[in-house]
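2 protein chains.
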Amino acid sequence: MTDITIYGDTYSGHCEKVQFIAAYLKKPCRWIHTDIVGGKTRTPEFLAINPAGELPVMLLPDGRKLVQSNAILLFLADGTPLILADPFDRGLMHQWLFWEQLTHNPAIGMLRFLRFLLKKPEDQIDPTLAPKAERALATMDAHLQNRTYFVAERLSVADIALVAYTRLAEQGGMPLAPAVRRWVQRVEVDLGLESLLSPP
Amino acid sequence: MTDITIYGDTYSGHCEKVQFIAAYLKKPCRWIHTDIVGGKTRTPEFLAINPAGELPVMLLPDGRKLVQSNAILLFLADGTPLILADPFDRGLMHQWLFWEQLTHNPAIGMLRFLRFLLKKPEDQIDPTLAPKAERALATMDAHLQNRTYFVAERLSVADIALVAYTRLAEQGGMPLAPAVRRWVQRVEVDLGLESLLSPP
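Line order of the protein sequences matches chains C and S.
Quick note: the first sequence, position 124, residue 124 per the working numbering, numbers continuous.
Quick note: the second sequence, position 73, residue 73 per the working numbering, numbers continuous.
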């Protein structure tokens, strides 16, 4: 079987989480680096692959295409314990995946993008973003006070989706509370990120 | 078995889609009308149920709680043919669910909310919303040119999620192209919306 192909940029948490899950599940994949800040998602060649101009994009060997990072995670994790077996647990897992896209990333991912990647001066950044990011991190902190993972006390797609931008939050000047930091470290160890991100 | 409880407002497509799927699947549920425009999602009583102040909220008879409309749809449809059986089809179904939340509703649902429910004068509405809504409807139109449903030529959770605000688009002054209108009518018939929404 030929490998799957992922178009991604390691500066994007949405792309990194696809890389993380593929490595964790030992799914061979070909990574095509596509530089967002350098404009590579706006070229005619890339727009022919994804007219929305968004990363990540996953291609199967037969050319079938999937976009939306969390849909790709759910597809790659299909049939593995990363998809929780209990129907209500799976409902909660999906709930956190939508929350990550609608509430978490638009604040935490965006603030990190503007401050760390674009180096925007603070007075050019929407002043509502930092309070939104603080609220999202406070929601996670409250949830993790008596839990080791987001749902059902075991690693699932929800943790992988949420850890991607949370572990980068401090790059955007957003400190992590102790419970959130411990959860990030736990998921990083589970995923083997140290060896994945620092090849010898 | 006691019924599930749904907190919702029929002015919200996100709440209506939960009502539609529960009726289609004949899941008995108790509907607690919660008037958004009238401020009922901002009362201390409601914030105790959902601190995010958002609808819909689903409660199981034992009190367990699920939020995020599409997570509720996936939970209610679990084990039924509305969840597509083929893994890649299911991936596409999830892809459209995220697209509905991230691209479709923020333009189409928001414009209908501002124009139809809040009666905002046009010069007080973000001028980028209408072009975004047009692009989202054009994406649907292109996709439906040679398809009867969004994925795998059969009704799935993707259609139910997408039809909720699409069928209300004309209330917000957004005309539907013929292929989109035919798909809306098909899904409305499948779901039995005529009898659901016009009780004798």
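All residues carry an ideal CB built from backbone N, CA and C; glycine is no exception.
The beta-carbon separation of residue 156 (chain S) and residue 84 (chain S), rounded to 5 Å, stays under the 8 Å limit for a contact. For residue 184 (chain C) and residue 165 (chain C), the gap between their C-alpha atoms comes out near 10 Å. Taking a beta-carbon distance threshold of 8 Å, residue 14 (chain S) does not count as an interface residue toward chain C. Counted as a single uninterrupted DSSP element, the stretch harbouring residue 37 (chain S) is not any alpha helix (DSSP H), since DSSP gives it neither H nor E. According to the DSSP assignment, residue 65 (chain C) belongs to the beta strand (DSSP E) that extends over 65-67. Those residues of the region 81-103 of chain C placed with their C-beta closer than 9 Å to a C-beta in chain S are 87, 88, 90, 91, 92, 93, 94, 95, 96, 97, 98, 99, 101, 102 and 103, ordered along the chain. When Cβ pairs closer than 8 Å are counted between the two stretches, the region 1-16 of chain S is seen to touch the region 49-68 of chain S, the count reaching three or more. Under a criterion of Cβ atoms nearer than 9 Å, the residues of chain C adjacent to residue 66 (chain S) are, in order, 88, 91, 92, 94 and 95. Between residue 78 (chain S) and chain C, the shortest Cβ-Cβ separation is below 8 Å. Less than 8 Å separates the beta-carbon of residue 152 (chain S) from that of residue 89 (chain S). Membership of residue 13 (chain S) in the alpha helix (DSSP H) is indicated by the continuous run 13-24. In the displayed model, residue 168 (chain C) falls within coil according to three-state DSSP, outside both helix and strand. Below the 8 Å Cβ cutoff, chain S contributes 87, 88, 90, 91 and 94 as neighbours of residue 75 (chain C), in chain order.
Taking C-beta separations shorter than 7 Å and ignoring five residues to either side along the sequence, the partners of residue 107 (chain S) in its chain run 129, 132, 133 and 136, following chain order. Looking only at S:77, S:179 and S:95, the smallest Cα-Cα distance to residue 146 (chain S) is reached by S:179.
Assigned with DSSP and collapsed to three states, residue 151 (chain S) falls in coil, not helix or strand. Here residue 58 (chain C) is bridged, per DSSP, to C:6 and C:66.
Residue pairing for residue 30 (chain C): DSSP places it in a beta bridge opposite C:5. The beta-carbon separation of residue 173 (chain S) and residue 109 (chain S), rounded to 13 Å, does not stay under the 8 Å limit for a contact.
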